[in-house]
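Residue numbers (this note's numbering): 77 to 533.
The block underneath contains the structure these notes are about, expressed in structure tokens.
Now the structure itself:
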């Protein structure tokens with residue numbers, strides 16, 4: 077366990093800090109999630125509680141369902157500013173040795189995202205021939221409006237920490253789509269880029285922490301997490317020139333999507349020699365940890381247009397149980413014996429097209445907590461079931477001033493209510509160990525505002 081090792085020789089902590097600070101700003105929270113799944117990227121996804129994510133044909137389809145890019149021939153350049161305000165609480169229910177707290181608020185940090193998305197038609201069909209058009213999309217996102225490119229932190233805590241809700245690490249994804257791969261079926265493929273950072277420190281020190289002969293290296297290896305999607309129009313697939321589906325279902329669309337797991341890795345190796353105390357080959361200290369974990373996701377969605385309305389229903393399976401093996405190899409969290417459940421997340425959404433220029437939408441999602449463990453030694457993760465509500469709207473200008481091109485302005489609001497859930501806090505340093513020293517009730521509220529401007533071409 078990494079923390080116990082560090083206590084054996086406090087003077088080495090200064091060396092490790094030099095290395096770890098490259099990847100662990102203090103402002104980050106020690107969770108395993110990020111904005112794409114926690115809030116949604118852009119107003120449509122945030123404002124519909126991600127219900128429309130499998131069908132929205134804009135640039136953010138790259139992450140959720142790349143096949144959806146083929147639903148519209150328009151290209152776009154879109155900029156999103158997204159602000160999230162969270163109040164995550166841990167109310168003490170007492171215990172044999174409870175932590176001294178100023179109040180129940182465990183975290184009230186903000187999420188400030190700046191996102192850039194591009195979608196363009198790169199080939200295939202002409203405007204007169206709609207067979208097999210091809211599209212390319214690219215997404216880039218950074219936290220704190222570009223001032224924090226790669227937040228990362230993994231730690232233990234006595235007060236408790238939430239499993240999800242953290243700073244968003246550098247987000248980069250790209251992908252493509254092909255329309256009418258077979259009649260009535262669009263297909264897409266994309267990949268998300270993550271990094272595996274490795275740091276190495278060799279040094280000679282005295283007991284005061286003064287060093288010489290330092291050798292420090294840091295490298296980051298990229299890795300790709302794939303995603304695939306299919307959009308199916310049953311009326312085109314199964315019918316010929318005339319409508320053939322019963323009950324007015326000729327406009328029905330079906331989406332299937334899958335995303336592989338992704339995470340950021342950090343490995344830190346340090347070797348310290350202290351003459352007269354620790355001789356060559358020195359004290360070896362190794363840390364390996366993960367952050368911003370996203371589970372494998374498989375899901376399906378149905379979209380049905382009815383007049384000026386569009387209704388969508390979606391369900392996705394998130395395989396959080398895959399995280400157990402990663403935490404078992406995580407030197408910060410391996411002592412916690414964390415257990416996770418796979419969860420099903422249902423989403424419902426609706427859109428009303430007021431006119432050619434204005435549309436309004438909203439959505440709701442119910443998300444069960446994947447955290448099965450009610451106690452996790454030293455790490456003390458907290459999490460809760462939640463309900464997500466969102467509303468938003470798009471305003472389309474046919475020819476915006478100066479740019480003389482169509483411009484879509486979007487605004488959305490999202491509210492998340494975290495239910496109460498009880499956890500037992502434990503620590504190897506507590507005199508009550510292995511019994512818990514405190515029981516807490518975790519809950520919270522999250523509010524998100526997302527605005528965007530999208531130039532269409």
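All C-beta atoms, glycine included, are put in the ideal place defined by N, C-alpha and C.
Being a predicted model, the structure only gives us computed values, none of them experimental.
Candidates 172, 326, 335 and 411: which alpha carbon is nearest residue 139's? Looking at the Cα atoms, 335 is the closest of the given residues.
Does the Cβ-Cβ distance between residue 313 and residue 331 come in under 8 Å? Contact flag unset, no.
Simplified DSSP state of residue 140, which is helix, strand or coil: helix
Would you grab the beta carbon distance between residue 230 and residue 408 for me? Rounded to a whole angstrom, and I think it's under 8 Å. 4 Å
Starting from residue 404, trace the alpha helix (DSSP H) both ways and give me its first and last residue. 399-404
Restricting to Cα atoms, I'd like to know which of 246, 239, 178 and 151 is closest to residue 199. That would be 151, whose Cα lies nearest to the Cα of residue 199.
Do residue 438 and residue 40 come within 8 Å of each other at the CB atom, strictly closer than that value? Residue 40 lies beyond the residue range present for the chain, which begins at 77 and ends at 533; the question has no answer from this structure.
Quick check on the burial criterion: 16 or more other C-beta atoms within 10 angstroms. Buried or exposed for residue 131? buried
Inspect the beta-carbon positions of residue 421 and residue 391 and report whether they are closer than 8 Å. Going by C-beta atoms, residue 421 is nearer than 8 Å to residue 391.
For residue 278, which residues in the same chain have their Cβ closer than 6 Å to its Cβ, ignoring the five residues on either side in sequence? Within the same chain, residue 278 has close Cβ partners 291 and 347.
If you draw a straight line from the alpha carbon of residue 253 to that of residue 211, how long is it in whole angstroms? When the Cα atoms are used, residue 253 and residue 211 turn out to be separated by approximately 5 Å.
For residue 514 and residue 502, the rounded distance between their alpha carbons: 7 Å
Please classify residue 352 as buried or exposed, where buried requires at least 16 other C-beta atoms within 10 Å of its C-beta. Its Cβ having fewer than 16 others within 10 Å, residue 352 is exposed.
Under a Cβ-count criterion, where at least 16 other Cβ atoms within 10 Å of its own Cβ denotes burial, should residue 523 be classed as buried or exposed? exposed
On the three-state DSSP scale, how would you describe residue 120? helix
Does DSSP classify residue 526 as helix, strand or coil? strand
Given a threshold of 16 other Cβ atoms within 10 Å of its Cβ, counted over all protein chains shown, does residue 329 qualify as buried or as exposed? buried
On the DSSP bridge assignment, give the partners of residue 347 in chain order. Here residue 347 is bridged, per DSSP, to 278 and 360.
Less than 8 Å between the C-beta atoms of residue 141 and residue 333, yes or no? yes
First through last residue of the alpha helix (DSSP H) which encompasses residue 313: 310-314
Here's the rule I'm using: 16 or more other beta-carbon atoms within 10 Å means buried, otherwise exposed. How should residue 293 be labelled? exposed
Within a Cβ cutoff of 6 Å, which residues of the same chain sit near residue 534, ignoring the five residues on either side of it in sequence? This structure cannot settle anything about residue 534, because the visible part of the chain is limited to 77 through 533.
Since residue 419 and residue 396 should fall inside the 8 Å C-beta cutoff, what is the C-beta to C-beta distance between them, to a whole number of angstroms? 6 Å between Cβ atoms; contact.
How do the stretch 357-365 and the stretch 379-388 stand: do at least 3 beta-carbon pairs fall below 8 Å, yes or no? The stretch 357-365 vs the stretch 379-388: no contact.
Where residue 162 and residue 436 are concerned, what is the direct C-alpha to C-alpha distance, given to the nearest angstrom? 25 Å
Excluding the 5 residues preceding and the 5 following residue 282 in the sequence, name in chain order all residues of the same chain whose CB lies nearer than 7 Å to its CB. 350
Relative to the C-alpha of residue 426, which candidate in 129, 114 and 117 has its C-alpha closest? 129
In the DSSP assignment, what are the bridge partners of residue 199? 210
Per DSSP, which residues does residue 341 bridge with? Please list them. 272 and 366
Proximal residues to residue 114 (C-beta, below 7 Å), its chain only, five neighbours per side dropped: 240 and 241
May I ask you to check if the CB of residue 309 is nearer than 7 Å to at least one heavy atom of the ligand SAH? This structure lacks the ligand SAH, and indeed carries no ligand of any kind.
Which class does residue 104 belong to by DSSP, given the choice of helix, strand or coil? At residue 104 the pLDDT is 35, less than 50, meaning the model places this residue with poor confidence; the figure from the coordinates comes in the next sentence. Three-state DSSP puts residue 104 in coil, outside helix and strand.
Quick check: what's the CA-CA separation for residue 485 versus residue 466? One alpha carbon belongs to residue 485, the other to residue 466, and they sit about 17 Å apart.
Where the alpha helix (DSSP H) containing residue 112 begins and where it ends: Residue 112 -> alpha helix (DSSP H) spans 111-114.
Residue 296 by DSSP, collapsed to three states: which one? strand
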